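Each remark here refers to the structure printed beneath this line.
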Amino acid sequence: GDNTCGMPQGLTPLQLATYLGFKTQVRKLLKRHMRPLWKWGPETCNHLFLDELDSVGAGGTQLMELICCLDARIETQELLLSDFVNGALFNLFLVKWKRTGFRMHVLQLGLQFLHLFSLLQVSFCKPNYESVQAWSVWMSTVVVLVLIEEELREIVLWIYAQGWKAMRRETYRVLFMERLRCALISKCIMWCTSLAASGLILTWNDERFNPGVTGIGGILPQHIAEDATWRNVSVPILLALSTLIACNMIIQEFFVIWQQTGVYILVVNQMLGSDVLLVLAVLIPYLFAFSCAMWPVFPTYKLFAHDSPFAFISLVWSLLMMIFTGGTTIRLGPQVADMADLTTPDLNLIYHEWGLAQKMFGDMLFVGLYFGFVILSVVLLLNVLIASMSGTYEEAMANATRNWRWAFARRVLRMVMLAGYDRPVGTLDTIRDWGGKKRYYVEVLSVKKNIEGGTYEGTTDFGADGKSAGSDEAAAAAERASAQLDALQKQVADILQQQQAFQQQQQQLLSQLPQLLSGAQAASQTLARVSEVAPAPAQAFSGDRTVLPPISHPPGEAPTKISSAEIPMQWQPPQQQPHLYPLDPRLAPKGSRRMAHAPSMPNCGVAAPRSARSRQDVYTRRSVVWREAQPLPPSPGPHAMLANPHPARVSFARRAATQPAEWYCSPGRP
1 GDNTCGMPQG LTPLQLATYL GFKTQVRKLL KRHMRPLWKW GPETCNHLFL DELDSVGAGG
61 TQLMELICCL DARIETQELL LSDFVNGALF NLFLVKWKRT GFRMHVLQLG LQFLHLFSLL
121 QVSFCKPNYE SVQAWSVWMS TVVVLVLIEE ELREIVLWIY AQGWKAMRRE TYRVLFMERL
181 RCALISKCIM WCTSLAASGL ILTWNDERFN PGVTGIGGIL PQHIAEDATW RNVSVPILLA
241 LSTLIACNMI IQEFFVIWQQ TGVYILVVNQ MLGSDVLLVL AVLIPYLFAF SCAMWPVFPT
301 YKLFAHDSPF AFISLVWSLL MMIFTGGTTI RLGPQVADMA DLTTPDLNLI YHEWGLAQKM
361 FGDMLFVGLY FGFVILSVVL LLNVLIASMS GTYEEAMANA TRNWRWAFAR RVLRMVMLAG
421 YDRPVGTLDT IRDWGGKKRY YVEVLSVKKN IEGGTYEGTT DFGADGKSAG SDEAAAAAER
481 ASAQLDALQK QVADILQQQQ AFQQQQQQLL SQLPQLLSGA QAASQTLARV SEVAPAPAQA
541 FSGDRTVLPP ISHPPGEAPT KISSAEIPMQ WQPPQQQPHL YPLDPRLAPK GSRRMAHAPS
601 MPNCGVAAPR SARSRQDVYT RRSVVWREAQ PLPPSPGPHA MLANPHPARV SFARRAATQP
661 AEWYCSPGRP
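No gaps in the numbering here: position 328 of the sequence shown is 328 in full-length UniProt numbering, and each next residue is one more.
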């Protein structure tokens, strides 16, 4: 999604990865520029060749130059941090700074201090600028010319290093939008004001002290007096502007070389360039609007008349000072000796021009506008400015290290370029493995990460060392073993959790076992009592149905075996069959009505199922379990069909067979 149409041409893979900010690819490609010198255990000393890294004398497409570009991406700037190969790339800039950059920086800073000293010497001679010594003014002029020459030389050297053909449209755009907007414009203002002040002081007109050119009575001619007045007013203003910019440049140059102070300098610059300018851009239109609205209703009493053409400017200035000082600075008139005159209005103006009511309304409107401006400017806009500065500070401090290192690296390359020092940071040696070709290199100590993932202090971890394919395979095997170990640990944890759940269920079953035993014992006692009342001589026979023997058989005698195939099936549709149950009166459904014996009713016995289901379907009615019943004779016979010949059910079936059948219809059924 990034715009890469302005990408420089002819980049190597390492340079392209650096330009795009791909850290992983840069890390891997850097290993191709390394050759092992010695190895001892996990430590390896490598030669890092600077063919595509050092920017000296190789144009603007080298790695160090791409990192310090004005349009460098955030990912590219992050290559200078310590988390990328332990800050190895930033160490290259530190070597350049110690060799050449610091000396050139001291020279530039000395010129700035000399310029400031000459400006202060001239400024402290106010108002007698004609008494200033000429050598101090000439010194300030010469220093300014030297600074202009250094700035022009820097621009020419930078364009020459980039190459005229390699210059891109984006390069010019970034140069004029970033470089000229911030640094070069302020320098131009300082140079112009300094030279103008020096010229006015050096060409100071001394004709007013020459008696040959004075008029009658020693009075200067009008044009000479006006020229002297203009000089007395303009020189202090020019000196003030040049002194302010010179001090600001010294602060920027002096404190930015240390990280502790350079971070705060960058934060202040970011706040002044973004937050303060935005708030002022909104405040100035409101200031103009309220000033224009308050001017017509400004009080116009006799003592407070505003005939001066600068009265409107005074009103605007008063409102502006009120914002920053917090006090009421609007003065409605001059100071008078008699305090009673302050409350004496011009009655003619009141009664004949406005009228008393209109004048009071105008004063109230003026006060209301003034109060609204106070709320808008002091309460609202200043709080917005404070909140915006807080957000900018948090964002800047989060990226403070990256911003400072990038600014410091740019300053290092600038100083090296101005010094004309074209030697790379590495050591020149003859590498015999490459046919005797001379290449610059630096020694880099790399240490493999230990089991805990750490390295030794002051070393660099580039990943695998040289051609250590076996170490890569061992690391991959270790990762796979670690993954398998994690999976086994997870399985063991699941098994332990299941075992714990099984133990809990077992404890619950053991706790319920006494209740089950007591219930079984009670059931056996109930069955014993039922067996004593009516024994159940039931015997299973062939077929899928159990037929109870007739009641007329003596006890203990085996019943006649009847096959289920001998009993005809005469089922009717469920909707035509009444839901009747041959039940004991004690087991009849609550709310059902009693019906007379109906021997002619087909399919007496158990009601037919409501749907055509298998013969093994089970239906529950009042705790009595029935299977699909076989058809019975028209009159209640000695047989009854039960699903399970339980003794209790058998005794009920015997009573139903020996006693007259009583049919109960369920509630709501026909």
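By construction, the Cβ of each residue, glycine as well, lies at the ideal position given by its N, Cα and C atoms. Because the structure is a prediction, the values reported are computed rather than measured.
Are the segment 388-395 and the segment 270-285 touching by the rule of at least three beta carbon pairs closer than 8 Å? Because the criterion of three Cβ pairs below 8 Å is met, the segment 388-395 and the segment 270-285 touch.
Roughly how many angstroms lie between the CA atoms of N399 and A281, to the nearest whole one? Straight-line Cα distance between these residues: approximately 27 Å.
For the alpha helix (DSSP H) holding R32, just list the boundary residues, first then last. DSSP places R32 in the uninterrupted alpha helix (DSSP H) bounded by K23 to R32.
For Q260 and L81, the rounded distance between their alpha carbons: If you take the alpha carbons of L81 and Q260, they lie about 16 Å apart.
Three-state secondary structure (DSSP) of N46: In the structure shown, N46 falls within a strand segment according to DSSP collapsed to helix, strand and coil.
Taking C-beta to C-beta, are R405 and F90 nearer than 8 Å? In contact: R405 and F90 (Cβ atoms closer than 8 Å).
Assign V144 to buried or exposed, taking buried as 16 or more other Cβ atoms, counted over all protein chains shown, within 10 Å of its Cβ. Per the 10 Å Cβ criterion, buried.
Taking the continuous alpha helix (DSSP H) assigned at G90, which residues delimit it? Note that residue 90 is Phe in the sequence shown here, rather than Gly. First-last of the alpha helix (DSSP H) with F90: A88 to K96.
In chain order, what residues of the same chain lie with their CB nearer than 6 Å to the CB of L244, ignoring the 5 residues before and after it? Nothing meets the Cβ criterion.
Going by C-alpha distance, which of L119, V379 and Q521 is nearest V142? For V142, the nearest C-alpha among the options comes from L119.
Residue range of the alpha helix (DSSP H) that includes E394: L382 to A398 is the span of the alpha helix (DSSP H), which, as asked, contains E394.
Quick check on the burial criterion: 16 or more other C-beta atoms within 10 angstroms. Buried or exposed for I67? Answer is buried; the Cβ neighbour count reaches 16.
I want to know whether the segment 71-80 touches the segment 8-25 - three or more CB-CB distances under 8 Å. Segments in contact, yes.
In angstroms with no decimal places, state the Cα-to-Cα distance between Q112 and L266. When rounded, the distance between both Cα atoms is 20 Å.
Roughly how far, in whole angstroms, is the beta-carbon of L48 from the beta-carbon of M64, given that I think they are within contact range, below 8 Å? Not confirmed; about 13 Å, so no contact.
Relative to the alpha-carbon of T427, which residue among A419, V416, E443 and L413 has its alpha-carbon at the smallest distance? Shortest Cα-Cα distance from T427 to any of A419, V416, E443 and L413 involves E443.
Distance check for S242 and V137, CA to CA, integer angstroms please. C-alpha separation (whole angstroms): 13 Å.
Could you tell me the distance, in whole angstroms, from the CA atom of L376 to the CA atom of D363? So the alpha carbons of these two residues sit roughly 20 Å apart.
Which residues bound the alpha helix (DSSP H) around W191? Counting along the chain, the unbroken alpha helix (DSSP H) around W191 starts and ends at I185 to L202.
Considering S118, what are the terminal residues of the alpha helix (DSSP H) in which it resides? It spans F102 to S123 - the alpha helix (DSSP H) in which S118 sits, taken as one unbroken run.
When DSSP labels each residue in this structure, what does R615 get in the three-state scheme? Below a pLDDT of 50, predicted positions are generally treated as unreliable, and R615, at 39, falls in that range; no measurement from the model is reported.
At the level of alpha carbons, what is the spacing between L385 and S291? Pairing L385 with S291, the inter-Cα distance amounts to about 22 Å.
Cβ of L29 within 8 Å of Cβ of P42? Contact: no.
Kindly indicate which three-state DSSP category L488 falls into: helix, strand or coil? Helix.
Locate the alpha helix (DSSP H) running through E65, then write down its first and last residues. Annotation: the continuous alpha helix (DSSP H) that includes E65 extends over L63 to I67.
How would you call N248, buried or exposed, if buried means at least 16 neighbouring beta carbons within 10 angstroms? N248 comes out exposed.
Whole-number beta carbon distance between Q62 and D71, since they are thought to touch under 8 Å: The C-beta distance from D71 to Q62 rounds to 16 Å, too long to meet the 8 Å contact threshold.
Measure the alpha-carbon distance for L239 versus R411 and round it to whole angstroms. Roughly 29 Å separates the two Cα atoms.
On the CB-based measure, 16 or more other CB atoms within 10 Å of its CB, does M490 come out buried or exposed? Looking at the sequence provided, one finds Lys at residue 490 rather than Met. Of the other Cβ atoms in all chains shown, fewer than 16 fall within 10 Å of the Cβ of K490; this residue is therefore exposed.
CA-CA distance, L488 and K31? Straight-line spacing of the CA atoms in L488 and K31 works out to 37 Å.
State the start and end residues of the unbroken alpha helix (DSSP H) segment that holds G41. Following the DSSP letters along the chain, one finds G41 in no alpha helix (DSSP H), marked with neither H nor E.
So who's on the other strand from E479, going by DSSP bridges? In the DSSP output, where bridge partners are listed per residue, E479 has none listed.
Among L152, R153 and L147, which residue has its Cα nearest to the Cα of L195? Among L152, R153 and L147, the Cα nearest to that of L195 belongs to L147.
Coarse secondary structure for V442, derived from DSSP in three states: V442 carries a strand assignment under DSSP once its states are collapsed to helix, strand and coil.
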